[in-house]
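Just below is one structure, and these are the notes that go with it.
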Amino acid sequence: MTVEDNEQIKNSLTENRWFRLAKDQCLNSLHQTRFGAVLILKNGKYFSACNVEKSHPLIRKHYDFFAVSLHAELNALLRVNVVRHRHQIAGSTFYVYREDRNGWLKPAHPCSSCFSIMKDVGVRKCFYTTSDGYNVTYL
Numbered sequence: 100m101t102v103e104d105n106e107q108i109k110n111s112l113t114e115n116r117w118f119r120l121a122k123d124q125c126l127n128s129l130h131q132t133r134f135g136a137v138l139i140l141k142n143g144k145y146f147s148a149c150n151v152e153k154s155h156p157l158i159r160k161h162y163d164f165f166a167v168s169l170h171a172e173l174n175a176l177l178r179v180n181v182v183r184h185r186h187q188i189a190g191s192t193f194y195v196y197r198e199d200r201n202g203w204l205k206p207a208h209p210c211s212s213c214f215s216i217m218k219d220v221g222v223r224k225c226f227y228t229t230s231d232g233y234n235v236t237y238l
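The sequence shown lines up with residues 100 to 238 when you count with our numbering.
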């Protein structure tokens, strides 16, 4: 893939409002592997976050591997007031974006633990970047 191909794919992705917001979050990440995520609730409210190099008690509970960072998907979910928005989370949609430090689009397929958490809270769809565009998983 050429630099021009990469830029064209990124431009087409960021025409989508949610991928654009996820990309903005990704670029805010200080982590070596940068991810950004946006959770869109059924009522249209959204919560966005990037991955960060810190831990959280939920990491030990849900992740079957040693995670030294808070994944962007979990970070976005933690920003939601679950009591206030619990009925809006069921049926919601995630967008996950990943780009390396050189600007190359990378696969952002959520890990199995993030998918498990998404299913548990009722997320219906997850769109994520691939090296040549995006893919969607229905949960």
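Virtual Cβ for every residue (Gly too), placed ideally from N, Cα, C.
Check: Buried or exposed: residue 196, going by 16 or more other Cβ atoms within 10 Å of its Cβ?
Finding: Numbered from 1 along the sequence shown, position 97 holds the residue referred to as residue 196. Result: buried.
Check: DSSP on residue 211, reduced to helix/strand/coil?
Finding: As a first step, residue 211 must be located in the sequence shown, where it is residue number 112. The answer is helix: DSSP assigns residue 211 an H, G or I state.
Next item on the list: Starting from the Cα of residue 203, find the closest Cα among 147, 191, 133 and give me that residue.
Entry: Your numbering for residue 203 matches position 104 in the sequence shown. Residue 133 is the option with its Cα nearest to residue 203.
Note to self: I'd like to know whether the C-beta atoms of residue 138 and residue 173 end up nearer to each other than 8 Å.
What the structure shows: Locating residue 138 in the sequence shown gives position 39, counting from the first residue. Locating residue 173 in the sequence shown gives position 74, counting from the first residue. No. Outside cutoff.
Notebook entry, point to check: beta strand (DSSP E) containing residue 136: first to last residue?
Noted result: As a working note, residue 136 is residue 37 in the sequence shown. For residue 136, the enclosing beta strand (DSSP E) has its first and last residue at 134-139.
Margin query: Excluding the 5 residues flanking residue 221 on each side, which residues of the same chain have their C-beta closer than 8 Å to its C-beta?
Written below: On the sequence shown, position 122 is the one that residue 221 refers to. Same-chain partners within the cutoff: 188, 189, 190, 191.
Next item on the list: Check the C-beta distance from residue 170 over to residue 213 and give it rounded, since I have them as a contact under 8 Å.
Entry: Taking the first residue of the sequence shown as 1, we reach residue 170 at position 71. Taking the first residue of the sequence shown as 1, we reach residue 213 at position 114. Confirmed, about 6 Å.
Checklist line | 6 Å Cβ shell around residue 208 - same chain, five flanking residues per side excluded | finding: Here the question's residue 208 lines up with position 109 in the sequence shown. Here the set comprises 227.
Notebook entry, point to check: Excluding the five sequence neighbours on either side, which residues of its own chain have a C-beta within less than 6 Å of the C-beta of residue 109, listed in chain order?
Noted result: In the sequence shown, the residue the question calls residue 109 occupies position 10. Hits under 6 Å: 204.
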